[in-house]
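With the sequence shown counted from 1, adding 882 to any position gets you the working numbering.
Using N, Cα and C, we set each Cβ at its ideal position, and we do this for glycine too.
Here is the structure we will look at, set down as structure tokens.
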Amino acid sequence: MHTLIVDDEPLARGELRYLLEKCDEITSISEADSVQDALSEILKQKPDLLFLDIHLTDESGLTLAEKVLQMKQPPLIIFATAYDEHAIQAFELNAIDYVLKPFEQPRIEQAVKRAANYFHRLKTDQQTDRPKIMDTIPIQMEDRIYIVKIDQIIVMGVLDGETTIHTNDRAYTTKEPLSTYEKRLRSDDFIRVHRSYIINQKYIKEIEPWFNHTYQVTMTNDLKIPVSRSYIKEFREKIGI
């Protein structure tokens, strides 16, 4: 993949270039130190992948990402920054990953492999006229951002102002509202069954009648989730009962 590094700090660009040169998936590397320079390079070179800083001298990297996404065939974007507070906004712009400074070789390699896998899948989708669909979701917990596969999510629930996302492997608790994550669930497998819960119907183990003509759903991880009366009709239609 031809890669463009966009960062206004020469030392940061040099460090990232050094790490990227060790990645087999990267075929060539260019650099830009501003939004305007980056736009010029993107139009001229048509890179496959951007490593994009957020805090640039003349403009925000997020603004550049918004402009790039208006292109017919935009490059993939990995944000590479010292600040973690923009992670959710970055992924709403379809970022592949969000890497924090100081950079480490294993983390850069992980991000590049994720981009390469998506790049090859995207090429296949274009050949078959299938729309691209992001298959991961970012979850920000304190000082760390986890990238979770959407198809591994069993339940999303909110309690006392915190959202917990249960997967096959573990549970992630974050301050981000449930609605933020709901917007990124593009699979038909997900059903909102309660104002506080969204479930993945692939992981339903048992459905039993509950109070006031509602249901209680037991998931494969043994969590018991109520289906409220407001969502009964949609739930029955999705499940086919």
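Here's a check: name, in chain order, each residue in its chain whose Cβ is nearer than 8 Å to the Cβ of residue i, leaving out the five neighbours to either side.
i	result
H1095	R1111 and I1114
Using 8 Å for Cβ pairs, my map puts residue i next to residue j. What's the rounded Cβ distance?
i	j	result
K995	T963	Contact flag wrong, Cβ pair sits at about 20 Å.
L932	F985	With a Cβ gap of about 15 Å, L932 and F985 do not count as contacting.
Looking only at its own chain, which residues have a Cβ that is under 7 Å from the Cβ of residue i, when we skip the five neighbours before and after it?
i	result
K1120	I1073 and Q1083
E1058	I970, Q1022 and T1045
I1029	D979, T1018 and P1020
With distances taken between CB atoms, is the gap from residue i to residue j smaller than 9 Å?
i	j	result
V888	L946	yes
Y1085	T1102	yes
I959	L975	yes
C905	I978	no
In whole angstroms, give me the CA-to-CA distance for residue i and residue j.
i	j	result
G1039	E1064	11 Å
M883	E948	21 Å
V1075	D966	32 Å
V1037	Q992	26 Å
L901	P988	9 Å
P957	S1069	24 Å
If you run the structure through DSSP and keep just helix, strand and coil, what is residue i?
i	result
H968	coil
G896	helix
P1013	Note on P1013: pLDDT 42, under 50, position unreliable in the model; no value is reported.
Using C-beta distances below 6 Å, list every residue in its chain close to residue i, excluding the 5 sequence neighbours before and after it, in chain order.
i	result
L934	V888, G943, I959 and F961
D915	D890
L1105	V1037
R895	I887, D889 and E913
Would you please verify whether the beta carbon of residue i is less than 9 Å from any beta carbon of chain C?
i	result
S1061	Checking the listed chains, one finds no chain C in this structure; it contains a single protein chain.
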